[in-house]
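These notes concern the structure reproduced below.
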Amino acid sequence: MEAILEVKHLSKAFGKHQVLRDIDFTVRPGDVTSIIGASGSGKSTLLRCINLLETPSAGEILFHGKDITGRGVNAPAYRTKVGMVFQSFNLFNNMTVLENCMVGQTKVLKKSREEAKANAMKYLKKVGMDPYVHAKPRQISGGQKQRVAIARALAMEPEVLLFDEPTSALDPEMVGEVLSVMRDLADEGMTMLVVTHEMAFARDVSNHVVFMADGVICEEGEPQELFAHPKQDRTREFLSRFM
Ligand code: ADP
Ligand code: MG
Numbered sequence: 041m042e043a044i045l046e047v048k049h050l051s052k053a054f055g056k057h058q059v060l061r062d063i064d065f066t067v068r069p070g071d072v073t074s075i076i077g078a079s080g081s082g083k084s085t086l087l088r089c090i091n092l093l094e095t096p097s098a099g100e101i102l103f104h105g106k107d108i109t110g111r112g113v114n115a116p117a118y119r120t121k122v123g124m125v126f127q128s129f130n131l132f133n134n135m136t137v138l139e140n141c142m143v144g145q146t147k148v149l150k151k152s153r154e155e156a157k158a159n160a161m162k163y164l165k166k167v168g169m170d171p172y173v174h175a176k177p178r179q180i181s182g183g184q185k186q187r188v189a190i191a192r193a194l195a196m197e198p199e200v201l202l203f204d205e206p207t208s209a210l211d212p213e214m215v216g217e218v219l220s221v222m223r224d225l226a227d228e229g230m231t232m233l234v235v236t237h238e239m240a241f242a243r244d245v246s247n248h249v250v251f252m253a254d255g256v257i258c259e260e261g262e263p264q265e266l267f268a269h270p271k272q273d274r275t276r277e278f279l280s281r282f283m
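First residue of the sequence shown? That's 41 in our numbering, and the numbers climb one at a time after it.
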């Protein structure tokens, strides 16, 4: 199948600090790729490069074959196709749940308010947050906020969703409700790139796992194989922390 995203020889430095080195991987329609690795290994920087929140120092990111890292790329338009869900939700705190899920549609996609509202409701229902449309973010729990953030991203009808540790800021009892929404999306064929420390999710839901260490892809492969038979010492050592 034709690739949606191709990351080629991607490198990123902050000053003299080389954070990503020669990263290569491909995302195809329906892929659920988990990116795992220790804190500081460059996982967020990689996702931020793919979402155009950071500018790569070298290499290319092709979206349907077109390099999106060059000048003249319309970042907001691109981000409607490649959405992102953040660890800290990044909801607009002065807006209701419903408004949070409408604003991108009206501002960027230029949809009418009626259309944006109907679409927002559809996705809020999907994540079980339709009873909370008039709540402000401060009135709902962390797990609920993250479900709204997922609905907001889905309301843009993206081709790919990027998740950066979507459950890491949550109290333990709220992790399950967010993972369950993500699992449903994966089952429906949503293309997802997920940075996570949830090893059960990586093993059971994704079809591809990328292990990063010190800014490089140390090992990647099918989850069953990578978890059961890691080839690199560093992968084995990292995974042993979760056993
Ligand atoms: P991870 O998400 O795997 O924990 P990050 O991508 O957040 O890793 O960070 C990788 C490295 O890049 C870390 O050493 C971090 O301090 C550094 N880094 C990230 N963002 C910046 C920045 N804006 N400026 C300078 N250094 C950064
Ligand atoms: Mg990170």
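Glycine included, C-beta positions come from ideal geometry on N, C-alpha and C. Quantities reported herein were computed from a predicted structural model and do not represent experimental measurements.
{"Asked": "With a floor of 3 residues, list each beta strand (DSSP E) that falls wholly inside the stretch 146-222, ordered by position along the chain.", "Found": "200-204"}
{"Asked": "Mind checking which residues open and close the beta strand (DSSP E) that includes D244?", "Found": "Here D244 belongs to no beta strand (DSSP E); instead the alpha helix (DSSP H) covers 239-244."}
{"Asked": "When the Cα atoms are used, what is the spatial distance from M142 to H104?", "Found": "27 Å"}
{"Asked": "Is it the case that the CB of T275 approaches a heavy atom of the ligand ADP more closely than 7 Å?", "Found": "no"}
{"Asked": "Per the DSSP calculation, S51 is bridged to which residue(s)?", "Found": "A98"}
{"Asked": "Please list the terminal residues of the continuous beta strand (DSSP E) segment that includes D273.", "Found": "Where D273 is concerned, there is no enclosing beta strand (DSSP E), although the alpha helix (DSSP H) it sits in stretches over 273-280."}
{"Asked": "Just to confirm my understanding: we take G99, look at its own chain, exclude 5 residues before and 5 after, and list those with CB closer than 6 Å. What are they?", "Found": "K48, H49, L50, S51"}
{"Asked": "One question on the structure: do G183 and L210 come within less than 8 Å of each other, judged by their Cβ atoms?", "Found": "yes"}
{"Asked": "Report the partner residues of T73 according to the DSSP bridge assignment.", "Found": "L233, H248"}
{"Asked": "State the beta-bridge partners of V125 as determined by DSSP.", "Found": "F203"}
{"Asked": "Compute the distance between the beta-carbons of L45 and I90, then report whether it is under 8 Å.", "Found": "yes"}
{"Asked": "Taking Y118 as the reference, which of S128, F126, K106 has the closest Cα?", "Found": "K106"}
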